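Heads up: the sequence shown begins at 1445 in the working numbering, then just goes up one per residue.
Using N, Cα and C, we set each Cβ at its ideal position, and we do this for glycine too.
None of the values given here were measured: they were computed from a predicted structure.
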Amino acid sequence: MENGHHVIRRIVESVRDRYDYILIDCSPSLGYTTVNILTAADTVLIPVQCEYLALEGLSKLLNTIRIVKNGLNPALEIEGFVLTMYMRNRLNNQVVNEVRNHFGE
């Protein structure tokens, strides 16, 4: 019997040739559905809210991506990060700098 983590992958594969891009938006939780989507994905574009609590969530997401890449989807790559809810203040600038220092431009 096929692993349940491949349900979305089968659906994506069945329509892949009809589209240039297939975007799947996930909730911020890191549960079964997110793992299923990461298993189906070629790349991940990660939105990061410009606040320090978001960096904690980012760390957990990156760990989940690493686990999926090491087992269910070795081809999974991080496409990049989208910094959201940015305001020109010191706290937001610090978060932007943290992301840039760890992951580059």
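Cβ-based neighbour list, residue i, same chain, cut-off 6 Å, excluding 5 preceding and 5 following
i: P1491; result: V1526, T1528
i: L1516; result: H1449, T1483
i: M1445; result: Since pLDDT at M1445 reaches only 38, below the 50 mark, its modelled position is unreliable, and no value is offered.
Contacts around residue i, its chain only, beta-carbon distance under 8 Å, and the 5 residues preceding and following it disregarded
i: R1544; result: none
i: V1488; result: L1482, I1509, L1520, E1521, I1522, E1523
Per-residue burial, residue i [other beta carbons within 10 Å of its own, 16 or more giving buried]
i: V1512; result: buried
i: N1533; result: exposed
Test item: CB-CB of residue i and residue j under 8 Å
i: N1480; j: I1455; result: no
i: P1472; j: G1448; result: no
i: R1460; j: I1466; result: yes
Expected contact under 8 Å - CB spacing of residue i and residue j to nearest Å
i: V1539; j: L1499; result: 7 Å
Close Cβ partners of residue i (< 7 Å) along its chain, the five nearest in sequence each way excluded
i: H1450; result: T1483
*Given 8 Å as the limit, is there contact between the region 1516 to 1525 and the region 1493 to 1500, that is, 3 or more CB pairs closer than that?*
no
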